[in-house]
Amino acid sequence: MARWEEEQVKLEQAIVKDDVGLTFDPETFAGLERVAGADISCSLERKEEAVASLVVMEFPSMKVLYEKRKSVRIDLPYISGFLAFRESPPLVQMIEEIRADKPALLPQIVLIDGNGILHPRGCGVASHIGVVTDIPTIGVAKNLICFDGLNRDAVKHKAREELVNQGDYFDLVGSSGKVHGAALMGRKDRKQATCNPIFVSIGHRTSLKTAVRLVSGCCTSSRLPEPIRQVDVLVNLRRGLRDEEADLRSREAVKPLGRQLPEAPCLDLT
């Protein structure tokens with residue numbers, strides 16, 4: 002654990018919390034062509050078994066360009082606050098495989114199902130992956146992680162009061178005065194009676210402003226940005242199937258849908 006703490010401190014210090022080295026215009030998103038989503042889901046029965054998934058989508062059409070689902074074994078133990086050390090390696094490997102084998106499909110930015118700097122030590126899985134791969138990343142979490150005075154009930158109440166339309170958001174400010182992320186209203190379903198925000202945070206090489214605007218722009222069919230929704234579909238497909246890698250232009254399984262799918266069980270990727 003001491004080694005992980007030391008490495009996490011080094012990773013946190015390496016996080017770039019602004020729009021640096023982007024291959025697109027962060028104001029207009031001109032030049033942005035490929036956005037990815039990444040997630041890993043562990044078996045509830047056998048914690049060492051997991052499915053890692055990566056989807057690369059065309060922006061702004063949200064057309065699926067590439068997807069890969071891989072069954073993996075995770076031998077490291079779960080330790081609160083250090084989940085990135087347990088679950089990030091398969092996702093890092095998948096990104097590096099694209100970089101080596103399919104560079105034309107390498108995403109320009111990756112949305113990670115989990116937190117970035119919205120983390121007790123400022124380095125969640127999205128930041129961890131971003132620093133290790135040196136690719137811009139954004140953390141997108143379905144549930145709020147509470148620390149530094151952040152209170153789930155207070156945030157939920159504020160969301161009901163302030164988040165009305167898609168793109169509405171407010172900063173998540175801790176007792177220390179530090180802005181850790183933002184609560185964002187994605188696409189609201191007509192049947193949705195209450196506000197159910199998502200929690201966006203800087204991963205690496207993006208500003209919070211850019212992260213919020215991009216995530217909102219990707220919420221085309223549900224409260225979740227489409228790259229995250231698509232990897233949710235993949236990791237929840239029946240386990241035990243062979244690993245798959247394909248051009249999905251003709252595939253029906255994970256094409257964007259005009260209705261909201263049931264959401265996957267949320268994993269605490271902190």
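Following my numbering, the residues of the sequence shown are numbered contiguously, the last one being 271. Glycine included, every Cβ here is placed at the ideal spot set by N, Cα and C.
For residue i, three-class secondary structure by DSSP
{"i": "L249", "result": "Because L249 sits at a pLDDT of 36, beneath the cut-off of 50, its placement in the model cannot be relied upon, and the following sentence gives the value as read from the coordinates. Of the three classes helix, strand and coil, the one that applies to L249 here is coil, per DSSP."}
{"i": "L164", "result": "coil"}
{"i": "T134", "result": "helix"}
{"i": "D20", "result": "coil"}
{"i": "K157", "result": "helix"}
{"i": "S72", "result": "strand"}
{"i": "S208", "result": "coil"}
{"i": "I99", "result": "helix"}
{"i": "L77", "result": "coil"}
{"i": "L112", "result": "strand"}
{"i": "L145", "result": "coil"}
{"i": "G140", "result": "strand"}
{"i": "D269", "result": "Note that D269 has pLDDT 31, beneath the 50 cutoff, so the model's placement of it is unreliable and the number below is only indicative. Three-state DSSP puts D269 in coil, outside helix and strand."}
{"i": "L151", "result": "coil"}
{"i": "G218", "result": "helix"}
Status (buried if at least 16 other CB within 10 Å, exposed otherwise) for residue i
{"i": "Q9", "result": "buried"}
{"i": "R239", "result": "Reliability fails at R239, whose pLDDT of 44 lies under 50, so the model's placement of it is uncertain and no value is given."}
{"i": "Q231", "result": "buried"}
{"i": "A3", "result": "exposed"}
{"i": "N116", "result": "buried"}
{"i": "D154", "result": "exposed"}
{"i": "H158", "result": "exposed"}
{"i": "A183", "result": "buried"}
{"i": "S62", "result": "exposed"}
{"i": "A101", "result": "exposed"}
Range of the contiguous beta strand (DSSP E) that encloses residue i
{"i": "V56", "result": "50-59"}
{"i": "A1", "result": "Within the shown structure, residues of the chain are numbered from 2 to 271, placing residue 1 beyond reach of any answer."}
Cβ-heavy atom distance, residue i to the ligand FAD, below 7 Å
{"i": "D114", "result": "Questions concerning the ligand FAD fall outside what the structure shown contains, since it holds no ligand whatsoever."}
CA nearest to the CA of residue i, picked from the options
{"i": "G175", "options": "Q167, G123, A15, A212", "result": "G123"}
{"i": "E34", "options": "S89, P90, L107, L12", "result": "L107"}
{"i": "V21", "options": "P90, G131, R47, A105", "result": "G131"}
{"i": "A319", "options": "L112, E7, Y79, E46", "result": "This structure cannot settle anything about residue 319, because the visible part of the chain is limited to 2 through 271."}
{"i": "G168", "options": "D26, N197, G178", "result": "N197"}
{"i": "L84", "options": "I139, D40, L235, E59", "result": "D40"}
{"i": "L173", "options": "K189, V165, F148", "result": "F148"}
{"i": "F25", "options": "S42, F60, R47", "result": "F60"}
{"i": "R214", "options": "D19, I75, F30", "result": "F30"}
{"i": "C220", "options": "N166, V180, L209, T207", "result": "N166"}
For residue i, the first and last residue of its enclosing alpha helix (DSSP H)
{"i": "I229", "result": "227-236"}
{"i": "L106", "result": "Counting along the chain, L106 falls outside any alpha helix (DSSP H), and DSSP gives it neither H nor E."}
{"i": "R122", "result": "Segment: none, R122 is in no alpha helix (DSSP H) and carries neither H nor E."}
{"i": "A15", "result": "3-15"}
DSSP bridge partner residues for residue i (one or two, in chain order)
{"i": "S177", "result": "S177 pairs with nothing; no bridge assigned."}
{"i": "A184", "result": "F171, F200"}
{"i": "V65", "result": "M58"}
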